[in-house]
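Asker:
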Amino acid sequence: MALLLSGERPTTAAVTLNPFRLAVTFVGKLRAANARRQAFHNLLSLDGHRLDDLGINRTDLFEAMQVRPAGRARVLTERRARNAADWLNP
110 MALLLSGERP TTAAVTLNPF RLAVTFVGKL RAANARRQAF HNLLSLDGHR LDDLGINRTD
170 LFEAMQVRPA GRARVLTERR ARNAADWLNP
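Per my numbering, numbering of the sequence shown is gapless, rising by one per residue and ending at 199.
1. Should Asn151 and Leu160 be called a contact, given that it needs their Cβ atoms to be closer than 8 Å?
2. Just tell me which of Glu172, Leu163, Pro178 and His158 has its CA closest to the CA of Asn192.
3. My output table needs one value for Pro199: the three-state DSSP class, helix, strand or coil.
4. Can you grab the Cα-Cα spacing for the pair Thr134 / Gly180, in whole Å?
Quick look at the structure:
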C-alpha cells in the first residue's frame, strides 16, 4: 500500500500498549476524580449565601449528588443557568 504523505498511517495501524503510559493515564484519571470530589465537598461546606452568590443552592447540590460523579458539573451548570435566567427575567 502506498502512502501519500510520509506522516500518514493506515487506519488499521496497530495500537501500541505501553504499560508506563497506561499507568500514568490511570493515575491522572484518579487525580482528576479526586479533585472533582474534593471540589464538590467544598461546595457542600459553603453556607447558603455563598452558594447563592455562585448561582446555586443546596437543593441543586443534592440533586447533583443523585447523578454519576462525572455528570455533576453539567447538572450544576444547568441549574446555575436556570437560576440566572429566573433572576434576570422574573
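No residue lacks a Cβ here, since even glycine has one placed at the ideal position from N, Cα and C.
Predicted model, so just to flag it, every value in this text is computed and none were measured.
Answerer: This is what the structure gives:
1. For the purposes of this step, residue 151 is identified with residue 42 of the sequence shown, where counting begins at 1. For the purposes of this step, residue 160 is identified with residue 51 of the sequence shown, where counting begins at 1. Not a contact, by the Cβ cut-off of 8 Å.
2. For this step, residue 192 is matched to residue 83 along the sequence shown. Measuring from the Cα of Asn192, the nearest candidate turns out to be Leu163.
3. Sequence index remark: in the sequence shown, residue 199 carries index 90 (1-based). Coil, per DSSP.
4. As a first step, residue 134 is located in the sequence shown; it is residue number 25 there, counting from the start. As a first step, residue 180 is located in the sequence shown; it is residue number 71 there, counting from the start. Their backbone Cα atoms lie some 20 Å apart in a straight line.
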